[in-house]
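*Asks:*
Protein chains in written order, with the working numbering: chain G, 741 to 846; chain B, 3 to 125.
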């Protein structure tokens, strides 16, 4: 299985900040990488697919980059509603696997 | 905007079978171009892909669960289902159904999710 490792596991930031979360795959996954946002008690929400494509309806403050094994999710101008847990996920090969999550806290 | 809704028992006894159904609305399972998925999340933990199914019945499973899992589709009801046999406390989790969309390259990512349902395995 491909292991997905996110860093950091938790991150403290302030409203208005710009933050970057990193995701590393244990082997190359081309650009088959998705990012999700999850709030407590809610289902994950798709933000980014194909490493850098923005899901319809998601604000452009979210951006993704990377290819191969190293990927980043950047969130600009943090607002209170952005504080959540973020997951990366590879869909290059079965079984699909997720990172352990990054909790973004105020 | 597709909507997905999980349903099924919230409590299952150890060694018994977990059965969940996902009802799809505002989209047709038969339309193709999507895979219909099950994903679970253990309490306070990360996400685990269980498997998915195409409308034709083709399935792909996580090898770690494959021996205990069956995903099926009922296009007449616009539903798909999950059965997991011989459950233990380790199968206690929130179970999500999701639609996997083509990212335009022929690979599929989880674009839309149901709200999830908690299944507890306990006697």
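Every residue, glycine too, gets a C-beta built ideally from N, C-alpha and C.
Just tell me which of 802/G, 831/G, 788/G and 825/G has its CA closest to the CA of residue 846/G.
*Replies:* Within the first chain, the letter at position 106 stands for residue 846/G. Looking at the Cα atoms, 825/G is the closest of the given residues.
*Asks:* I want to verify the contact list: residues of chain G whose CB lies under 8 Å from the CB of residue 117/B, in sequence order.
*Replies:* Locating residue 117/B in the second chain gives position 115, where the first residue counts as 1. Result: 782 and 783.
*Asks:* Among 121/B, 123/B and 117/B, which has the Cα closest to the Cα of residue 780/G?
*Replies:* The sequence position of residue 780/G within the first chain is 40, counting from 1. When only C-alpha atoms are compared, the closest one is 117/B.
*Asks:* Which residue spans inside the region 29 to 56 of chain B form an unbroken beta strand (DSSP E) run of at least 3?
*Replies:* Here the runs fully enclosed are 36 to 43 and 49 to 55.
*Asks:* Using C-beta distances below 6 Å, list every residue in its chain close to residue 80/B, excluding the 5 sequence neighbours before and after it, in chain order.
*Replies:* As a first step, residue 80/B is located in the second chain; it is residue number 78 there, counting from the start. The residues are 26 and 31.
*Asks:* What three-state label does DSSP hand residue 764/G in the structure shown?
*Replies:* If you number the first chain from 1, residue 764/G lands on position 24. DSSP places residue 764/G in strand when its eight states are reduced to three.
*Asks:* By the criterion of Cβ-Cβ separation under 8 Å, what are the contact partners of residue 774/G in chain B?
*Replies:* Start at 1 with the first residue of the first chain, and residue 774/G comes out as number 34. Correct list: 111 and 112.
*Asks:* What residues in its chain sit with their C-beta under 7 Å from that of residue 764/G, if we drop five residues either side in the sequence?
*Replies:* As a working mapping, residue 764/G is identified with position 24 in the first chain. The answer, listed in chain order, is 745, 809 and 810.
*Asks:* Between residue 793/G and chain B, is any beta-carbon pair separated by less than 9 Å?
*Replies:* In the first chain, the residue the question calls residue 793/G occupies position 53. Output row for residue 793/G: interface = yes.
*Asks:* Counting only Cβ pairs nearer than 7 Å, list the residues of chain G close to residue 64/B.
*Replies:* Taking the first residue of the second chain as 1, we reach residue 64/B at position 62. In chain order: 835.
*Asks:* Using a Cβ-Cβ cut-off of less than 8 Å, list which residues of the region 786 to 819 of chain G approach chain B; keep chain order.
*Replies:* Of all residues in the region 786 to 819 of chain G, 786, 789, 790, 793 and 795 have a Cβ within less than 8 Å of some Cβ in chain B.
*Asks:* Could you list which residues in chain B have their beta carbon closer than 9 Å to that of residue 841/G, in chain order?
*Replies:* Position 101 of the first chain, counted from the start, is the residue given in the question as residue 841/G. Simply 47, 48 and 49.
*Asks:* Against residue 838/G, what residues of chain B qualify as contacts under a CB-to-CB distance less than 8 Å, listed in chain order?
*Replies:* The residue you call residue 838/G lines up with position 98 of the first chain. Simply 48, 49, 50 and 51.
*Asks:* Does DSSP put residue 70/B in a helix, a strand or coil?
*Replies:* As a working mapping, residue 70/B is identified with position 68 in the second chain. Here residue 70/B sits in helix by DSSP.
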